[in-house]
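Number of protein chains: 2
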Amino acid sequence: MPRPREFEPDTVLNAAMLRFWERGYRATSIEDLVKATGVKPGSLYSAFPGGKRTLFLKSLERYSRLVVPQKLGELEASGASVAEIRGYFDGLVRDLLSPEGRQGCLLVNTAIEKAAEDDEAAAVVRGHLARLERCMTHALENAVRRGQVRAGLDCAGSARLLVATCQGLMVVGKANPDEALLRAIVDNAFAALG
Amino acid sequence: MPRPREFEPDTVLNAAMLRFWERGYRATSIEDLVKATGVKPGSLYSAFPGGKRTLFLKSLERYSRLVVPQKLGELEASGASVAEIRGYFDGLVRDLLSPEGRQGCLLVNTAIEKAAEDDEAAAVVRGHLARLERCMTHALENAVRRGQVRAGLDCAGSARLLVATCQGLMVVGKANPDEALLRAIVDNAFAALG
DNA sequence: AAGATAGATGAGCGATCATTCAAGAACAAC
DNA sequence: GTTGTTCTTGAATGATCGCTCATCTATCTT
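Order-wise, the sequence lines are chains A and B. Our numbering puts the first residue of the first sequence at 26, with every later residue one more than the last. Our numbering puts the first residue of the second sequence at 26, with every later residue one more than the last.
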């Protein structure tokens with residue numbers, strides 16, 4: 026009996042995610058989203074009760090579910106090893122150097138902009154960091170088993186360092202997208218694995 | 026002949042810096058600054074032509090000039106070596122774990138929040154990163170000379186990695202101020218220096 | 001004491017913020 | 001075609017944004 030929806034909530038959410046990714050939470054207004062999607066405020070609020078913050082949290086989840094796996098690529102596969110870690114870092118550098126990639130990572134941006142004041146957002150960020158740490162650890166364990174890195178390597182500890190390194194890479198890349206600089210960071214991070 | 030100023034511009038700037046540091050650029054309103062300083066909007070704008078953005082850029086400079094040297098400590102001394110780098114990292118961890126230190130570093134926050142849209146702010150951040158890189162490089166060169174790290178170490182490259190690592194440390198620490206995690210990052214960063 | 005100079009004041013500017021809601025519109029069921 | 005239900009619409013809400021300016025006040029000079 027009801028009147029059918031004229032827009033796809035996922036499409037709206039995707040547009041919201043892109044805006045939050047590009048400009049951050051505070052700098053993205055509801056009117057921005059109305060313009061970007063063509064969906065009027067009333068419909069937006071009835072489709073996403075909780076308003077802007079709900080839209081943001083759902084954007085974070087969508088990012089984790091759709092964007093992150095694409096960036097991680099084979100690094101999440103059970104056979105991942107040094108090459109896949111390297112591939113992930115190279116992808117980050119490539120993104121930071123491209124005009125569209127300057128926005129960095131929505132979850133890193135959120136860690137800085139919102140984590141301190143919104144624990145629900147911080148929890149999504151923590152989940153992401155844990156996920157990164159998990160697959161880095163696993164890839165390093167594979168690497169040790171295959172003799173690709175030095176035998177006594179502390180996989181769990183090195184994974185934590187690698188996670189921090191890629192977060193730092195994005196901070197540096199955002200202020201100074203210089204290829205030689207970013208490559209030096211990545212090269213030295215790998216040199217340390219021996 | 027003129028009526029004398031009733032407030033010290035540096036005092037106002039200091040209060041502004043603390044607010045921007047704690048909450049970021051967008052989340053800090055002029056009214057916040059008026060409340061924090063007792064100086065009314067008119068006086069604020071006449072003392073700082075250019076308004077909020079000028080106040081912000083001058084806050085960045087003040088932070089570089091007063092806060093950063095205090096955090097770097099002996100790391101900027103010409104005799105600095107591994108111990109001073111370690112001291113700097115330990116200070117970062119201590120800050121991130123303390124309630125007052127959760128705000129992280131104003132310049133890292135700025136890199137994420139504003140560098141992409143404000144090149145003048147980005148330039149201050151780049152200057153900070155270059156300064157960090159410079160004193161890390163110098164300290165590593167001293168360390169090589171003293172045999173505190175492995176002989177063939179690429180000081181310039183390792184310094185770039187260490188700079189990225191400490192930026193990453195602050196991103197991770199902001200979302201997840203967990204002592205064991207942060208210590209693991211620092212320990213592994215130093216293990217890599219051999 | 002009067003005049004000149006510059007800082008202090010705060011009401012108020014137009015713009016924009018996130019959000020709401022009364023009214024109209026589109027469909028399914030009958 | 002009528003009714004019931006949900007969706008769409010966009011004007012309007014009050015709050016807040018960064019900022020300005022006419023007015024007042026305090027000091028120095030003479």
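Glycine residues also receive a C-beta, built at the ideal position from the N, C-alpha and C atoms. Quantities reported herein were computed from a predicted structural model and do not represent experimental measurements.
Would you grab the beta carbon distance between B:S84 and B:A41 for me? Rounded to a whole angstrom, and I think it's under 8 Å. As a working note, residue 84 of chain B is residue 59 in the second sequence. As a working note, residue 41 of chain B is residue 16 in the second sequence. Indeed they touch by this definition, with Cβ atoms about 5 Å apart.
Which chain A residues sit within Cβ distance under 9 Å of B:G177? Counted from its first residue, the second sequence places residue 177 of chain B at position 152. Under the 9 Å cutoff, chain A gives no residues; its nearest Cβ is about 10 Å from B:G177.
Drop a sphere of 10 angstroms on the beta-carbon of B:F32, count the other beta-carbons inside from all chains shown, and report buried for 16 or more, exposed for fewer. One-based indexing of the second sequence puts residue 32 of chain B at position 7. Exposed, because fewer than 16 other Cβ atoms sit within 10 Å of the Cβ of B:F32.
Starting from A:Q173, find everything on chain B with Cβ-Cβ shorter than 9 Å and list it in chain order. Reading the first sequence from its first residue, position 148 is the one you call residue 173 of chain A. Those do not exist, as A:Q173 stays about 16 Å from chain B at its closest Cβ, beyond 9 Å.
Alpha carbon to alpha carbon, how far is B:L100 from B:H163? Here residue 100 of chain B refers to the residue found at position 75 when the second sequence is read from its first residue. Here residue 163 of chain B refers to the residue found at position 138 when the second sequence is read from its first residue. C-alpha separation (whole angstroms): 9 Å.
What does B:R170 reach in chain A if we use C-beta pairs closer than 9 Å? On the second sequence, position 145 is the one that residue 170 of chain B refers to. Ordered by position in chain A, no residue passes the 9 Å Cβ test against B:R170, which lies about 20 Å from the chain.
Buried or exposed: where does B:E204 fall if 16 or more other Cβ atoms within 10 Å of its Cβ makes it buried? Taking the first residue of the second sequence as 1, we reach residue 204 of chain B at position 179. Label assigned to B:E204: exposed.
If you compare alpha carbons, which of A:G193, A:V150, A:S123 and A:V37 is closest to A:V59? For the purposes of this step, residue 59 of chain A is taken as residue 34 along the first sequence, with counting starting at 1. Ranking the options by Cα distance to A:V59, first place goes to A:V37.
With 7 Å as the C-beta to C-beta threshold (strictly closer), list the residues of the segment 133-162 of chain A near chain B in chain order. So the close ones are V133, N134, A136, I137, E138, A140, A141, A147, V150, R151 and L154.
What's the gap between the Cα of A:A148 and the Cα of A:G193? Locating residue 148 of chain A in the first sequence gives position 123, counting from the first residue. Locating residue 193 of chain A in the first sequence gives position 168, counting from the first residue. Between A:A148 and A:G193, the C-alpha separation is close to 20 Å.
State yes or no: is the C-beta of B:E33 nearer than 7 Å to some heavy atom of the ligand HEM? Questions concerning the ligand HEM fall outside what the structure shown contains, since it holds no ligand whatsoever.
Reference B:L80, options B:L206, B:V197 and B:L43, closest by Cα: In the second sequence, the residue the question calls residue 80 of chain B occupies position 55. Of B:L206, B:V197 and B:L43, the residue nearest in Cα terms is B:L43.
Which of helix, strand or coil DSSP assigns to B:V174: Here residue 174 of chain B refers to the residue found at position 149 when the second sequence is read from its first residue. B:V174 falls in the coil class under three-state DSSP.
Chain B beta carbons: is any one of them nearer than 8 Å to that of A:S84? In the first sequence, the residue the question calls residue 84 of chain A occupies position 59. No, its Cβ sits nowhere closer than 8 Å to a Cβ of chain B.
Compare the C-alpha of B:R170 against each of B:K77, B:F45, B:A105 and B:G49 and name the closest. In the second sequence, the residue the question calls residue 170 of chain B occupies position 145. Comparing Cα positions, the closest option is B:A105.
Contact check, A:A146 vs A:L82 under 8 Å by CB: the rounded distance? Locating residue 146 of chain A in the first sequence gives position 121, where the first residue counts as 1. Locating residue 82 of chain A in the first sequence gives position 57, where the first residue counts as 1. Yes, A:A146 and A:L82 are in contact; Cβ-Cβ is about 7 Å, under 8 Å.
Along chain B, which residues have their Cβ under 7 Å away from the Cβ of A:R185? As a working mapping, residue 185 of chain A is identified with position 160 in the first sequence. L206, A209, I210 and N213, listed in chain order.
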